[in-house]
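**Student:** Residues in the sequence shown are numbered from 863 upward in steps of one, following the working numbering. First, the structure itself, so that you have it in front of you.
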Amino acid sequence: MISIKEVTELALESARIILQSGGTTNRCEKIMSRVCAVFGYHKTESFVTPTGLFITVMDKDHTANTQLMRIETRRIDLGKISQLTRYINELSQCGKKGNCPDYSEVMRRLKEIDAFSPYPEWLKLLLGGLTSACFCLLFGGSWLETGVAYLVGLMVSISLRYIAILQVNSFLTNALGAALIVLFAKTLDLYIIGIKLDTIIIGGIMLLVPGLAITNAMRDMMSGDLVSGTARAIEAFLISVAIAAGSGSMLKIWSLVGY
863 MISIKEVTEL ALESARIILQ SGGTTNRCEK IMSRVCAVFG YHKTESFVTP TGLFITVMDK
923 DHTANTQLMR IETRRIDLGK ISQLTRYINE LSQCGKKGNC PDYSEVMRRL KEIDAFSPYP
983 EWLKLLLGGL TSACFCLLFG GSWLETGVAY LVGLMVSISL RYIAILQVNS FLTNALGAAL
1043 IVLFAKTLDL YIIGIKLDTI IIGGIMLLVP GLAITNAMRD MMSGDLVSGT ARAIEAFLIS
1103 VAIAAGSGSM LKIWSLVGY
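If you want it as structure tokens, here you go:
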């Protein structure tokens, strides 16, 4: 049986992967409880916010261990959530059979899941362009406009990768992304005749829309996590404001230039 400190670290690491990959706070709390239960620690209290993890684990002798972890970066990676959930299910089956792996083996597996990336970076960039193209077509764009939207989405996806290296906050990142979408679309409009910019810009902006944040906010609120749900809702609202500010500012600058 692993120590109470080790099981607390495993629970925190599991929840960190879930939260940083776009999971809900309710899922994080359940994952931490399940990890502790696998190793025989059934008395746990956890509290999760979008930026922090808190857990207290108590053993049979009423010895408690409390740890917290701050979450500074988050992104969307539903593949990691799926892999981790599958692995926790496997651990639960091992726990029922009484042959649980040791601390180092579980931590090694968690690190592998955290480092796993099923798609190369170049493919993600191409799919970013394809996403913009599909939304442009969905909103009534022509095939020519769909092709232009693909180029805009591709260029913005590449730009956002470089912006991420600078570790800029999410508000500024989305504002810059929206401004670049308008800039690229307006620039291509100078050289390609007969395209409507509305559907092209909308297709590009759909890359930035915080759809998962809005969904998680609603799920957290419906599950009773009002603090986390409200925080996520405010975050989604601020991202929307950033997108509007970035695109609106670039449109105004472009009109002042005289194009």
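Ideal Cβ placement from N, Cα and C applies to all residues, glycine included.
1) Below 8 Å, how does it come out for the segment 1032-1049 and the segment 1092-1112: are there three or more Cβ pairs, yes or no?
2) Quick check on the burial criterion: 16 or more other C-beta atoms within 10 angstroms. Buried or exposed for SER1090?
3) Check whether the segment 952-964 and the segment 927-944 touch, using three or more Cβ-Cβ pairs below 8 Å as the test.
4) Closest by CA to MET969, which one among LEU1052, ILE1057, VAL897?
5) So which of PRO980, SER966, GLY1002, GLU868 has the shortest CA-CA distance to THR928?
6) Over what stretch of residues does the beta strand (DSSP E) that includes ARG932 continue unbroken?
7) Kindly indicate which residue of ALA995, LEU987, GLN945 has the alpha-carbon position closest to the one of ARG971.
8) Which residue comes first and which comes last in the beta strand (DSSP E) that contains GLY914?
9) Start and end of the alpha helix (DSSP H) containing THR935?
10) Measuring straight from C-alpha to C-alpha, what distance separates ASN888 and PRO912?
11) In the structure shown, what three-state DSSP assignment does SER908 receive?
12) Taking buried to mean at least 16 other C-beta atoms within 10 Å of its own C-beta, is ALA977 buried or exposed?
13) Can you say whether LYS1048 is buried or exposed, counting buried as having 16 or more other CB atoms within 10 angstroms of its CB?
**Tutor:** In brief:
1) yes
2) Reading the sequence shown from its first residue, position 228 is the one you call residue 1090. Under this definition SER1090 is a buried residue.
3) no
4) Residue numbering aside, residue 969 sits at position 107 when the sequence shown is read from its first letter. Of LEU1052, ILE1057, VAL897, the residue nearest in Cα terms is VAL897.
5) On the sequence shown, position 66 is the one that residue 928 refers to. Checked all of PRO980, SER966, GLY1002, GLU868; the closest Cα to THR928 is GLU868.
6) On the sequence shown, residue 932 is found 70 positions in, with the first residue counted as 1. ARG932 -> beta strand (DSSP E) spans 926-932.
7) Residue mapping note: residue 971 aligns to position 109 of the sequence shown, counting from 1. Of ALA995, LEU987, GLN945, the residue nearest in Cα terms is GLN945.
8) The sequence position of residue 914 within the sequence shown is 52, counting from 1. Where GLY914 is concerned, the enclosing beta strand (DSSP E) stretches over 914-920.
9) As a first step, residue 935 must be located in the sequence shown, where it is residue number 73. Element bounds for THR935: n/a, residue is neither H nor E.
10) The count along the sequence shown starts at 1 and reaches residue 888 at position 26. The count along the sequence shown starts at 1 and reaches residue 912 at position 50. Looking at the two C-alpha atoms, the distance is approximately 11 Å.
11) Here residue 908 refers to the residue found at position 46 of the sequence shown. Reduced to three states, the DSSP call for SER908 is strand.
12) Position 115 of the sequence shown, counting from 1, holds the residue named residue 977. ALA977 should be labelled exposed.
13) By 1-based counting over the sequence shown, the position of residue 1048 is 186. LYS1048 is buried by the Cβ-count criterion.
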